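Enquirer: This is the structure I want to talk about, given as structure tokens.
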Amino acid sequence: MTLLSESEQRQVAAAIERIERETDAELVTVLAARADDYTYISLLWAGLLALLLPGSLNLIGGWLGAGHLLLAQWTTFILASLLFRLPAITTRLIPRPIRHWRAGNLARRQFIELGLHHTEAQSGMLIFVAEAERYVEILVDRGISSRLDDAAWQAIVEAFTAQVKRGETLQGFLSCIEACGALLKEHLPATHERNELPDRLVILS
């Protein structure tokens, strides 16, 4: 999975800078290749396959002795573990609620770790994307949530999610930042110049 190039990252940073000149919000963007490596999921599926497949073949054919059955199970487990570690396959093995739960947890950790809850006007805003999970979330601090209900971001998140699914992550960021900026300029216009947090796109590879 290819994350945004340096040139594309600069486009995101420039979009953030434009919005922050016209609003009191402190906007940070985070792009994660994936929210988790899901090793436990790969091992779980490999273990189930190793238990079921050789045993099923043995029941049907009755040709495997105990030693050969054990060897077949270990071989199946090792091969399946390697196969299921491929990101394109791993993602499809994980139920959507689990993928979104892990991505949501990572988004909240990033909100805290990047200091979005410590801005002067409590106006931190995080636009978070986990590409493998096709997950987008917008998190805001109290200075913004007191003026804009969370429902205000829903349509923006849905549009961005659709773009991520189509592989249009850069355009998704730019459109999302512009749409958020329009709301912020109306409800949280700039009162003075500030730039407490970096404008760059944070990449979690």
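First residue of the sequence shown: 70, per my numbering; consecutive thereafter. By construction, the Cβ of each residue, glycine as well, lies at the ideal position given by its N, Cα and C atoms. Remember, predicted model here, so these are calculated numbers, not experimental data.
Which residue from Ala119, Leu140, Leu112, Cys249 puts its Cα closest to that of leucine 162?
Expert: Measuring from the Cα of leucine 162, the nearest candidate turns out to be Leu112.
Enquirer: Helix, strand or coil for asparagine 264, going by three-state DSSP, please let me know.
Expert: DSSP places asparagine 264 in coil when its eight states are reduced to three.
Enquirer: Does DSSP put methionine 70 in a helix, in a strand, or in coil?
Expert: Model confidence at methionine 70 stands at a pLDDT of 48, short of 50, so the residue's coordinates are unreliable; what they give is reported in the following sentence. If DSSP states are grouped into helix, strand and coil, methionine 70 belongs with coil.
Enquirer: Any heavy atom of the ligand ATP closer than 7 Å to the Cβ of arginine 161?
Expert: Within the structure as shown, the ligand ATP is missing, as the structure has no ligands at all.
Enquirer: When the Cα atoms are used, what is the spatial distance from threonine 238 to glutamate 255?
Expert: Rounded to whole angstroms, threonine 238 to glutamate 255 spans 26 Å at the Cα level.
Enquirer: Taking the CB atoms as reference points, tell me whether serine 192 and alanine 94 lie closer together than 8 Å.
Expert: Yes, the Cβ-Cβ distance between serine 192 and alanine 94 is below 8 Å.
Enquirer: Which first and last residues belong to the beta strand (DSSP E) in which glutamate 206 is found?
Expert: Counting along the chain, the beta strand (DSSP E) containing glutamate 206 begins and ends at 204–209.
Enquirer: Around the Cβ of glycine 136, are there at least 16 other Cβ atoms within 10 angstroms (buried) or fewer (exposed)?
Expert: Classification for glycine 136: exposed.
Enquirer: Helix, strand or coil: how does DSSP classify isoleucine 163 here?
Expert: DSSP places isoleucine 163 in coil when its eight states are reduced to three.
Enquirer: Skipping 5 residues on each side, what residues in its chain have a beta carbon closer than 7 Å to that of methionine 70?
Expert: For methionine 70, the predicted structure reports a pLDDT of 48, less than 50, and the residue's modelled location is therefore unreliable. The matter cannot be settled from this model.
Enquirer: Should aspartate 219 go down as buried or exposed, given a rule of 16 or more other Cβ atoms within 10 Å for buried?
Expert: Aspartate 219 comes out exposed.
Enquirer: Is it a yes or a no for the region 137–149 touching the region 168–186, going by three-plus beta-carbon pairs under 8 Å?
Expert: No, the region 137–149 does not touch the region 168–186.
Enquirer: If you run the structure through DSSP and keep just helix, strand and coil, what is glycine 236?
Expert: Three-state DSSP puts glycine 236 in coil, outside helix and strand.
Enquirer: Can the beta-carbon of leucine 73 be found closer than 8 Å to that of leucine 270?
Expert: Yes, the pair counts as a contact, with Cβ atoms nearer than the cut-off.
Enquirer: Rank Glu91, Pro267, Ala104, Arg79 by C-alpha distance to the C-alpha of arginine 177 and give the top, closest one.
Expert: Of Glu91, Pro267, Ala104, Arg79, the residue nearest in Cα terms is Ala104.
Enquirer: Let's see if you can read the secondary structure: which residues bound the alpha helix (DSSP H) around alanine 82?
Expert: Here the alpha helix (DSSP H) through alanine 82 covers 75–90.
Enquirer: Would you call the region 244–251 and the region 221–230 touching, i.e. three or more CB-CB distances under 8 Å?
Expert: Yes: at least three Cβ pairs fall under 8 Å.
Enquirer: Where do the N-terminal and C-terminal ends of the beta strand (DSSP E) with threonine 188 fall, by residue?
Expert: Where threonine 188 is concerned, there is no enclosing beta strand (DSSP E), given that its DSSP letter is neither H nor E.
Enquirer: Considering only the beta carbon of each residue, do isoleucine 207 and isoleucine 196 sit closer than 8 Å?
Expert: The answer is yes: Cβ separation under 8 Å.
Enquirer: Return the first residue and the last residue of the beta strand (DSSP E) that leucine 100 is part of.
Expert: Note, leucine 100: beta strand (DSSP E), 95–101.
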